[in-house]
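Beneath this line is the structure, given in structure tokens, with notes to follow.
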Amino acid sequence: MLVLIRGAGDIATGIALRLHRAGCSVILTDLPQPTSIRCTVCFSEAVYRGEAQVEGVTAMLARSPKEALTLAGRHIPAVLIDRDCSCIPALNPDALVDAILAKKNLGTRMDMAPVVIGVGPGFTAGTDCHAAVETMRGHSLGRVLYTGSPMPNTGIPGNIGGYTAQRVLRAPAAGIFMPRIPIGKMVKAGEVAALVDGQPMLCTIDGCLRGMLHQGVPVYTGMKCADIDPRGKPEHCRFASDKALAIGGGVLEAILHFSGILE
């Protein structure tokens, strides 16, 4: 079974890991300059490095849909640079998962594949996808909806270690992002984590720097650029999050639910 995933960030990568380990062939798409924060657990890193390894699974950058199919046929997750998913006719996937997490639907339709799954707010099962998966932390995280929509975006990051919005670092200005601290390092509130147009982006709390944008990425004022984990465990930077894997489990359930029409 070939599954195409729109997006290759941390949630999309958690989904890809679950599907890959369940025996699916996986191809992910992303932007020419991905803006993933948790780079150490994102297959989007393959765009920058040619390959990316997460939890022992290596994804490779494909230069064309044909190359992506070759990699997928060898059970190697492939990453394609494709902003608008124009690769669909060439790939002819059995299932499509929209894991861009844009908080709205950016063009995914039910007719794009035999099974289409929307991840997070902006999708309605039965209207623009066959099933949707809840991404809000809490009792319903990872739940599959076969009718209706996931909960709307609150604009407040999930609670980790007692912190919500405080753990997210945002660009102090518009410009080119220049990190100063590597992912996995312990930080203190007030430290300079990065510079944007000469202005410092300061750490807001103590903890482990869990995510950081790549150097050279253009950012706008207020854009999410880094993430601090107050639990202070650097090893968390090497593994997909509980949230990503829970959502991945939901996607796998949905694909299995509709597997009869894929035979």
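According to this note's numbering, the sequence shown is numbered sequentially starting from 162.
We treat Cβ as the ideally placed atom computed from N, Cα and C, and that holds for glycine.
Candidates the options: closest to residue i by CA position
i           : options               : result
residue 212 : 193, 300, 231 and 238 : 238
residue 259 : 401, 403 and 174      : 174
residue 320 : 341, 381, 249 and 404 : 404
residue 220 : 227, 241 and 226      : 241
residue 192 : 202, 209, 185 and 177 : 209
residue 194 : 187, 279, 204 and 306 : 204
residue 395 : 245, 202 and 186      : 202
residue 227 : 381, 390 and 253      : 253
residue 348 : 223, 337 and 388      : 388
residue 286 : 308, 386 and 298      : 308
residue 169 : 420, 315 and 263      : 263
residue 400 : 411, 297 and 345      : 345
residue 371 : 245, 361 and 342      : 342
residue 222 : 316, 190 and 300      : 190
residue 198 : 418, 407, 315 and 386 : 386
Identified DSSP bridge partners for residue i
i           : result
residue 338 : 357
residue 208 : Note: residue 208 sits in no beta bridge, so no partner.
residue 331 : 385
residue 186 : 163
residue 321 : 324
Contact belief for residue i with residue j at Cβ below 8 Å, rounded distance in angstroms
i           : j           : result
residue 329 : residue 311 : Not quite, the Cβ-Cβ distance comes to about 21 Å (not below 8 Å), so this is no contact.
residue 409 : residue 176 : 4 Å
residue 302 : residue 233 : Not quite, the Cβ-Cβ distance comes to about 28 Å (not below 8 Å), so this is no contact.
residue 380 : residue 335 : 7 Å
residue 420 : residue 171 : The pair is not a contact, with the Cβ atoms about 26 Å apart (cut-off 8 Å).
Neighbourhood of residue i by C-beta, 7 Å cutoff - its chain only, sequence neighbours within 5 removed
i           : result
residue 206 : 200 and 213
residue 413 : 179, 180 and 183
residue 384 : 331 and 332
residue 246 : 167 and 190
residue 244 : 192
residue 261 : 167, 168 and 267
residue 434 : With the chain running from 162 to 424 in the structure shown, residue 434 is simply not present.
Other residues of its chain near residue i: CB distance less than 8 Å, five sequence neighbours each side excluded
i           : result
residue 271 : 277, 288, 289, 290 and 291
residue 351 : 363 and 364
residue 249 : 165, 257, 273 and 274
residue 266 : 259, 279, 283, 284 and 289
residue 378 : 194, 196, 337 and 338
Chain-order list of residues whose beta-carbon lies under 6 Å from that of residue i (same chain, five-residue window excluded)
i           : result
residue 393 : 368 and 369
residue 340 : 355, 373 and 376
residue 313 : 282
residue 185 : 162 and 164
residue 360 : 333 and 334
residue 297 : 312
residue 304 : 295
Environment of residue i [buried if 16+ CB atoms lie within 10 Å]
i           : result
residue 416 : buried
residue 225 : exposed
residue 353 : exposed
residue 382 : exposed
residue 231 : exposed
residue 397 : buried
residue 317 : exposed
residue 269 : buried
residue 407 : buried
Check: residue i C-beta below 6 Å from any heavy atom of the ligand NAD
i           : result
residue 340 : For the ligand NAD, the structure offers nothing, since it holds no ligand at all.
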